[in-house]
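*Asks:*
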Amino acid sequence: MALVKREQLPQAVEGALAAAPVTDLHTHIYSAAFGDLLLWGVDELITYHYLIAENFRYTGMPFAQYFRLGKKEQAELIWQNLFLDNSPLSEAQRGVLTTLKRLGLDVAPRNFAAFREFCSSFTAGQYIDKIFATSGVKTVIMTNDPFDARERAVWLAGGHGDKRFQAALRIDPLLNGYDQSYLLLREWGYAVEKRLDAKTVEEIKRFLREWAQRMKALYMAVSLPPTFAVPEDSTRSRLIEECVLPVACELDIPFAMMIGVNKRVNDKLGDAGDSVGKSSVRPLEYMCEKYPENKFLVTMLARENQHELAVTARKFRNLLVFGCWWFMNNPSLVEEITRMRLELLGLSFVPQHSDARILDQLVYKWEHSRRTIGKVLVDKYSDLMATGWTVDEAELGRDIAGLMGDNFWKFVGKKPL
Ligand code: HDL
Ligand code: ZN
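Each residue of the sequence shown is one higher than the last, beginning at 6 in this note's numbering.
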């Protein structure tokens, strides 16, 4: 393979990013088998909860009045407020337009009806194919919650067969709400008590094992508050140490922690009402050190935590840092964090996941991320070449394929699916 010349770097990096199959580590999208759980099309795209939050900054409309509107009216209201009455400069606003453009639609006429007409010409299955082809994403990992009745039904009926969609067992209700969720476990035949006695611990491990195997889950995941602590005298801390980590180790799958979310600071906004708080990396140091056989996937929500998270990953090879999560997923912060992670971790991290809630978002979230990550990589390879080091196309392709997915598959010890 030919050596890459410094002046060719922008084109070589762009080409390697475009060619690298993407494994999207964390999303909220679903294969067609999950029915209405899969959100897609321009009305869903424009009523994304990020845009709902931004919409209310421009209107005094009572929150409940908005949520009483039908989906189409909600979409038209957001289109008016966030696109026609105010230029759509935010990341979530621009994302809608990037997606529409990449789907071949001309946004200049601002003809919202034309976007709807385009989407209505697809079935869900056809649209999944279209979005995967347009976004360059090969595999997405879903967020699969066995406590969601609609999801349970699909898994208990045999699951789904679309290998583009892999599963992650999401256990927030177990870890963050055991006082309620243990009653459901009892309903489902697990002999658990509110108090974590020996039998209860074993039955919770059975629940985790059965559902991780039923879903063929690639990892177990939970989102955690800024106050998250392990060890501590709490049900959550005991559940993690006595149930989650032993089963994760037994099944050889990572435990993914997404740390720093302050849930429902404005409850009236629903999903749009969550916020962020600075967390501690002490629990990560404790778990990575005490459980060297366990693997940990971690992303943190506060900008202030990104440096110490990267430093913690330098100390523990069983910790893989991933993504620019949620309020971090903006070009200015993706650039800052990716630059810092390359400087501290080299290539041993996963720079991005989409967190897509609407299928269409795969297109813009990855388009925007490739552009920002590419910009940083050009700088870093340019700095490398300034030492006299040479880089050939194959090595560049290898490095970038690692960042876009292979690093994850190596960490979980599986071939890319
Ligand atoms: O807990 C999570 O997985 C978060 O990503 C939330 O779903 C959040 O609402 C979100 O969509 N962030 O992008
Ligand atoms: Zn998420």
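Cβ coordinates follow ideal geometry from the N, Cα and C atoms, glycine included.
For Ile146, which beta-bridge partners are listed by DSSP?
*Replies:* Gln171
*Asks:* If distances are taken between C-alpha atoms only, which option among Ile209, Pro114, Ala172 and Lys204 comes closest to Leu189?
*Replies:* Comparing Cα-Cα distances from Leu189 to each of Ile209, Pro114, Ala172 and Lys204, the minimum goes to Ile209.
*Asks:* Which residue marks the beginning of the alpha helix (DSSP H) containing Ser228, and which one marks its end?
*Replies:* Per DSSP, Ser228 lies in no alpha helix (DSSP H); the unbroken beta strand (DSSP E) holding it starts and ends at Met225 to Leu229.
*Asks:* Count the other CB atoms within 10 Å of the CB of Leu408; is the residue buried (16 or more) or exposed (fewer)?
*Replies:* buried
*Asks:* Rounded to whole angstroms, what is the Cα-Cα separation between Arg157 and Val339?
*Replies:* 35 Å
*Asks:* Measure the alpha-carbon distance for Asn310 versus Met262 and round it to whole angstroms.
*Replies:* Straight-line spacing of the CA atoms in Asn310 and Met262 works out to 14 Å.
*Asks:* Pop quiz: Leu179 and Ala217 are said to be a contact at Cβ under 8 Å. What is the actual Cβ separation, rounded to whole angstroms?
*Replies:* Actually they do not touch by this definition, with Cβ atoms about 12 Å apart.
*Asks:* Between which two residues does the alpha helix (DSSP H) containing Ile209 stretch?
*Replies:* Ala203 to Met220
*Asks:* Would you check whether the ligand HDL has a heavy atom nearer than 7 Å to the C-beta of His312?
*Replies:* No, since every heavy atom of the ligand HDL falls outside the 7 Å radius drawn around the Cβ of His312.
*Asks:* Are the beta-carbon atoms of Leu30 and Ser387 separated by less than 8 Å?
*Replies:* no
*Asks:* Along the chain, where does the alpha helix (DSSP H) containing Met432 start, and where does it finish?
*Replies:* This structure does not reach residue 432, given that the chain is present from 6 up to 422, and the question cannot be answered.
*Asks:* Please report the straight-line C-alpha distance between Asp238 and Trp414, rounded to a whole angstrom.
*Replies:* 35 Å
*Asks:* Less than 6 Å between C-beta atoms, sequence neighbours within five positions excluded: which residues of the same chain meet that for Phe354?
*Replies:* Val326 and Arg346
*Asks:* What is the rounded straight-line gap between the Cα of Asp360 and the Cα of Trp394?
*Replies:* Rounded to the nearest angstrom, the two C-alpha atoms are 36 Å apart.
*Asks:* Going along the chain, which residues of its own chain have a beta-carbon closer than 7 Å to the beta-carbon of Glu398, five neighbours each way excluded?
*Replies:* Excluding positions up to five away in sequence, the list reads Met6, Ala7, Val9 and Ala17.
*Asks:* Say yes only if the C-beta of Asp360 is nearer than 7 Å to one or more non-hydrogen atoms of the ligand ZN, and no if none qualify.
*Replies:* yes
*Asks:* Between the region 156 to 170 and the region 181 to 188, can you find at least three pairs of beta-carbon atoms closer than 8 Å?
*Replies:* no
*Asks:* Return the Cβ separation of Ala80 and Thr52 in integer angstroms, given the expectation that the two are a contact with Cβ distance under 8 Å.
*Replies:* Indeed, because the Cβ distance is near 5 Å, the residues count as touching under 8 Å.
*Asks:* If Asn60 sits next to Leu82, beta carbons under 8 Å apart, how far is it from one beta carbon to the other, in whole angstroms?
*Replies:* 7 Å
*Asks:* Excluding the 5 residues flanking Glu372 on each side, which residues of the same chain have their C-beta closer than 6 Å to its C-beta?
*Replies:* Thr103
*Asks:* For Asp365, count neighbouring C-beta atoms within 10 Å of its own C-beta (all shown protein chains included) and say buried if the count is 16 or more, exposed if not.
*Replies:* buried
*Asks:* Name the two residues that bound the continuous beta strand (DSSP E) containing Phe260.
*Replies:* Phe260 to Ile264
*Asks:* Going straight from the alpha carbon of Asn412 to that of Glu294, what length do you get?
*Replies:* 21 Å
*Asks:* Exposed or buried, Ser284, counting other C-beta atoms within 10 Å across all chains shown (16 or more means buried)?
*Replies:* buried
*Asks:* What I want to know is whether the C-beta of Ser284 ends up closer than 7 Å to one or more non-hydrogen atoms of the ligand HDL.
*Replies:* no
*Asks:* Between Ala222 and chain B, is there a C-beta pair that is closer than 8 Å?
*Replies:* No chain B is present in this structure, which holds just one protein chain.
*Asks:* CB-CB under 6 Å to Gly100, same chain, minus the five flanking residues each way: which ones, in chain order?
*Replies:* Tyr369
*Asks:* Counting beta carbon pairs with one atom in the region 19 to 39 and one in the region 131 to 148, are three or more of them shorter than 8 Å?
*Replies:* yes
*Asks:* Taking Met305 as part of the alpha helix (DSSP H), name the residues at either end of that continuous run.
*Replies:* Segment Phe301 to Met305 is the beta strand (DSSP E) holding Met305; no alpha helix (DSSP H) there.
*Asks:* Can you grab the Cα-Cα spacing for the pair Tyr63 / Arg287, in whole Å?
*Replies:* 40 Å
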